[in-house]
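Mapping of the sequence shown onto this note's numbering: position 81 corresponds to residue 118, and the numbering continues sequentially without gaps. Backbone N, C-alpha and C define an ideal beta-carbon position, used for all residues, glycine too.
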Amino acid sequence: MVAGEVLGQLEAGVLVVGHDPVHQPGLLEHHEVAVHRALGEVVTRGEDLGDRQRARRRRQHLDDRPSVRGEALVDVAQAAVHRVVKFGDHLVQGSVAAVEATARFAELVRRPDEQVPLDEVAALIAAHAHPDLEVGTILDLLDGLADDAAGRDADSLAQFLFVERGFAGNTSDYGDPRNSYLDDVLRRRLGIPISLSLLIMEVGRRLELPVLGVSMPGHFLVRPARDQGVWFDPFHGGRRLDEESCRELFARVRGADAEFRPAYLDPTTASAIVERMLMNLQHSLLRRDPSAAAWVVRLRLRMPGQTTEERAGLATVLATLGLFIEAADELDAVAGELTGEAAERVTHQAAALRARGN
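Below, the structure is given as structure tokens:
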């Protein structure tokens, strides 16, 4: 159906059914599979004047000690460094303001897929939840891990991160939104499959050891680009898998009757990884703190390739959060891309929302 057919009856804070890819099989991690369909301009580029070439003399490395599950071993704030970031005609020192973080996110995800820097994108997502976060600190911490892991192959890199350094899947509170924020993952050494996969991917990239994301339904994996028939499960201690092991994991997560397709083990794109990260986070926040989910929806609306139906579904999420005018604006934009009765229907829904917001 066209999302928002019942928008005239929406109450703020009440989730309704609509089309949002958050419910599609494989787009949420195994403990986060939705039991209901929760609804759910190229901007001025931020020019990082010291990106990748910044001095490392003030960088703080992660503690070498094995972690105690859930206990912070490094204070990200203490590791902060000052960076000068240029946005338009303005130079900003310190934390990037939320609006600038959103603009930077939108610019990065619109790049060609192979040019999307997943580390910076993930840090910018976290910066929306933690406004004082310095994105450069997160990049420096990843640099430090890569320095400490120099000379390793894919197997020993998985051993280094998920055994020696103790990064692990959060089995006690899988739905905690902190499992999706890269700064919290680095600080607490806890995450979900996709956030831990991003960790080894980005450390591997720094070592010129490419590790690719694999968006298997229900449980994200990685595979080394140079090794065929090998996968790793970062959530479970970086366990090395073959195809049969992946099939067994899939059956445990999705059920014995679920159909497995070999294509599930193919590498995925950077944009698909970002979208899956945001969908997991949106689902967690809608369950735990719905009022905090709006910024995630806004980031999803800035992802390229969203269909009109998907955008209408996301607008409906905004409406359920009481953001009627914002939802109406998005529906008006959607209506402008439709024709005939569909355009009229969406325009009417937008008008109904706008009346509620005035």
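Whole-Å CB distance - residue i paired with residue j, under 8 Å assumed
i: Ala392; j: Leu360; result: Actually they are not in contact, since the Cβ atoms of Ala392 and Leu360 sit about 14 Å apart, beyond 8 Å.
i: Asp369; j: Ala380; result: About 10 Å; that fails the 8 Å criterion.
Which residues DSSP lists as bridging residue i, in chain order
i: Ala205; result: Leu227
i: Leu249; result: Arg260
i: Arg277; result: Phe269
i: Pro168; result: According to DSSP, which records beta bridges pairwise, Pro168 is partnered with nothing at all.
i: Pro304; result: Val251
Pick from the options that is closest to residue i, judged by C-alpha positions
i: Arg325; options: Pro168, Arg202 and Pro214; result: Pro214
i: Leu198; options: Ala163, Glu239, Ile175 and Ser217; result: Glu239
i: Tyr211; options: Gly228, Val248 and Pro341; result: Gly228
i: Asp303; options: Glu312, Gly266, Glu171 and Leu246; result: Gly266
i: Leu323; options: Leu338, Val200 and Leu358; result: Leu358
i: Ala186; options: Ser217, Arg202 and Gly173; result: Arg202
i: Ala300; options: Cys283, Arg277 and Ser193; result: Cys283
i: Arg147; options: Thr376, Thr344 and Arg339; result: Arg339
i: Val200; options: Leu178, Asp180, Asp264 and Arg277; result: Arg277
Sub-8 Å separation of residue i and residue j beta-carbons
i: Leu355; j: Glu367; result: yes
i: Gly250; j: Arg291; result: no
i: Ala183; j: Leu244; result: yes
i: Pro271; j: Leu233; result: yes
i: Phe204; j: Leu336; result: no
i: Leu351; j: Val334; result: yes
i: Arg313; j: Ser252; result: yes
i: Leu219; j: Ile175; result: yes
Other residues of its chain near residue i: CB distance less than 6 Å, five sequence neighbours each side excluded
i: Ala195; result: Phe269 and Gly275
i: Ala191; result: Pro261
i: Thr384; result: Ala372
i: Ser321; result: Gly212 and Pro214
i: Val248; result: Ile237, Met238, Gly241, Val259 and Pro261
i: Asp221; result: Arg215
i: Ile310; result: Gly250
i: Ala364; result: Ala352, Leu355, Ala356 and Leu390
i: Pro230; result: Glu66, His256, Phe257 and Phe272
i: Gly206; result: Phe272
i: Ser193; result: none
i: Glu280; result: none
i: Phe297; result: Arg284 and Phe287
Residues near residue i by beta carbon distance below 7 Å, same chain, minus five either side
i: Glu306; result: Per the sequence shown, residue 306 should be read as Thr rather than Glu. Excluding positions up to five away in sequence, the list reads Asp150.
i: Ala138; result: Leu161, Ala164 and His165
i: Leu145; result: Val153, Pro154, Glu157 and Val158
i: Ile362; result: Arg391 and Gly394
i: Glu378; result: none
i: Ala329; result: Leu322
i: Thr345; result: Val371, Glu374 and Leu375
i: Val439; result: As displayed, the chain neither begins before 38 nor continues past 395, which places residue 439 out of reach and without an answer.
Same chain, Cβ closer than 8 Å to residue i, five either side skipped, listed in chain order
i: Gly342; result: Ser308
is_contact[residue i, chain D] using C-beta, thresh 8 Å
i: Tyr218; result: The displayed structure is made up of one protein chain only, and chain D is not part of it.
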